[in-house]
Structure formats: structure tokens, C-alpha cells
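Numbering (my numbering), first residue to last: -14 to 157. Backbone N, C-alpha and C fix where the C-beta goes; we use that ideal spot for every residue, glycine too.
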């Protein structure tokens, strides 16, 4: 485990001090290590905390990304920082999700965008979890076509569609 006190003591103070103090406040709340630690600073319309790297002038980044990167270094390429505390079966998702504000380092982990999306209950996750197409055909490796964008389709339904299309072309 990373020593939070060492990390907090290394944050710059002075002209950009309020940002560093906001980080300190959010990470030293009197909460248990298992609880979510809500970001105490600004929150964007998407529900995520907004933070500025200490000593920098910028529009900011997600507070949970900033905390993770201060403790572990840069976020690995092609990775997103996920809130392991998020439970999509309990949470409504969206901007009201309390987990989006969480900056507890024990709750943050890097995931691929695909893994992060599949942990949600959004349309992509719902469709990815389907085992059959809308007409009841099973998605098997032989019966599933995946296009270059990653969208999958039922080969049985595609063949039926193209047969109907060819038939209509011949009769018109």
C-alpha cells in the first residue's frame, strides 16, 4: 500500500495551494478504508469530481484519475481508472451515482475501456451479455459476425435478410 502521508506531504503549496489542500481534505476524511471517500471539491455535470494537478493551470481532470496517478504514476496507456466500489445492480448509474465521486485509493484500479464498460449496466454491457439474438438464435462463434467496429450480428438472421432482399430484387 502506498503511504498517503508521504504523498500528501509531497504536494506543492503556495500559489496553487488550494488544489493541494482539496486533495488532502478528500483523502483524510474520518472514514473507514472500506467506505467511499467522496471528492470534496468541484463536481462536473457527469457526476465525477473535477481536480487540477497541484502546481498546474488547466481545466482539470477526473479527481479519481488524479488521485490514482499521484499514488501510482501515469495511468497506463489505453486504460481507464475504474471504481471497484461501483455496483451497477444497486446504483442508478449516471451523474447521480455516488461512486463517481469516490477517491478512496483502495477503490480505484486500472481497467481496459471494454472491461470498464462491461461492468456497467449501460446499453453496451447489456448487449454484450446477451447469449441469443432477438429472434432466439444463439450467439456462437460459428453463428456470430463481428464487424470492424466490434458490433456483432447473428449470421442466421443476416442470411435470411439477404435472401429476402435478393428475392425482392428478382420480383421487382
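As computed with DSSP, residue 67 is found in a beta bridge with 94.
For a cut-off of 8 Å, the C-beta gap from residue 118 to residue 139 is around 4 Å, short enough to register as a contact. Residue 116 and residue 92 do not touch by the CB rule: their CB atoms are close to 31 Å apart, not below 8 Å. Residue burial annotation: residue 33 is buried, with at least 16 other C-beta atoms found within 10 angstroms of its C-beta.
Inclusion of residue 66 and residue 53 in the CB contact set at 8 Å is warranted, their separation being smaller than that value. Secondary structure at residue 33: coil, using DSSP grouped into helix, strand and coil. Every unbroken stretch of the alpha helix (DSSP H) spanning 4 or more residues and falling wholly within the segment 89 to 139 is given here in chain order: 98 to 103 and 108 to 113. From the listed residues 137, 132 and 98, the smallest Cα separation to residue 114 is found for 137.
Taking the Cα positions, residue 11 is about 39 Å away from residue 134. The three-state reading of DSSP puts residue 47 in strand, counting E and B together.
The alpha-carbon separation between residue 58 and residue 108 amounts to approximately 32 Å.
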